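Participant: So the sequence shown is numbered by this note's numbering: it starts at 69 and just counts up by one. Below is one structure. I have some questions about it.
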Amino acid sequence: MAPPPDGSVVVYSAVWCGFCKKAKAWLTEHDVPFIERDVEKTPGAQDELAGKLKAAGVPGGGVPVIDWAGTIVMGFDVAAMERLLKEKPPSKAAPPAGAAPASDAGG
Numbered sequence: 069m070a071p072p073p074d075g076s077v078v079v080y081s082a083v084w085c086g087f088c089k090k091a092k093a094w095l096t097e098h099d100v101p102f103i104e105r106d107v108e109k110t111p112g113a114q115d116e117l118a119g120k121l122k123a124a125g126v127p128g129g130g131v132p133v134i135d136w137a138g139t140i141v142m143g144f145d146v147a148a149m150e151r152l153l154k155e156k157p158p159s160k161a162a163p164p165a166g167a168a169p170a171s172d173a174g175g
């Protein structure tokens, strides 16, 4: 699994997670391109997330977790995402909203 481009928005999620669906819908509605990493299906996603949480000094334990250009958002936190949308406009280098690596397809 290739690391996400600098400045990108990465959503760590699981298919059964309702708040993950809400977070992805919010990002799509606000035209924020993001990369999705399913922590149960995408090889290496859980380890990648654990490394980011450890580096940020944030305890793990659930999804969604959003890495917004290096800022970690735990859960579906609309206020934090609205603030980041203004402070850190998403990178144009990220794939279209909802795009996932080919290995996630058909899940």
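Where is the CB? At the ideal position from N, CA and C, for every residue including glycine. Predicted model only: the values in this text are computed from it and were never measured.
If you check the beta carbons only, do Ala148 and Val107 fall under 8 angstroms apart?
Facilitator: Looking up residue 148 in the sequence shown gives position 80. Looking up residue 107 in the sequence shown gives position 39. No. Outside cutoff.
Participant: Quick one, which of Gly143, Lys156, Leu121, Phe144 has its alpha-carbon nearest Ala137's?
Facilitator: Locating residue 137 in the sequence shown gives position 69, counting from the first residue. Minimum Cα distance to Ala137 is reached at Lys156.
Participant: Give me the Cβ distance between Leu121 and Thr139, rounded to the nearest whole Å; I'm assuming they're in contact under 8 angstroms.
Facilitator: Locating residue 121 in the sequence shown gives position 53, counting from the first residue. Locating residue 139 in the sequence shown gives position 71, counting from the first residue. Contact annotation, Leu121 with Thr139: C-beta distance approximately 13 angstroms; criterion of less than 8 angstroms not satisfied.
Participant: Which of the three DSSP states is assigned to Gly136 in this structure?
Facilitator: Residue numbering aside, residue 136 sits at position 68 when the sequence shown is read from its first letter. First, the residue type needs correcting, since residue 136 is Trp and not Gly in the sequence shown. Of the three classes helix, strand and coil, the one that applies to Trp136 here is strand, per DSSP.
Participant: Cα separation between Ile134 and Val146?
Facilitator: Translated into the one-based positions of the sequence shown, residue 134 becomes position 66. Translated into the one-based positions of the sequence shown, residue 146 becomes position 78. In a straight line, the C-alpha of Ile134 is about 11 angstroms away from that of Val146.
Participant: For Met142, list the residues DSSP reports as bridge partners.
Facilitator: By 1-based counting over the sequence shown, the position of residue 142 is 74. Beta-bridge pairing links Met142 to Val133.
Participant: Three or more beta-carbon pairs under 8 angstroms between the stretch 74–90 and the stretch 117–132, yes or no?
Facilitator: yes
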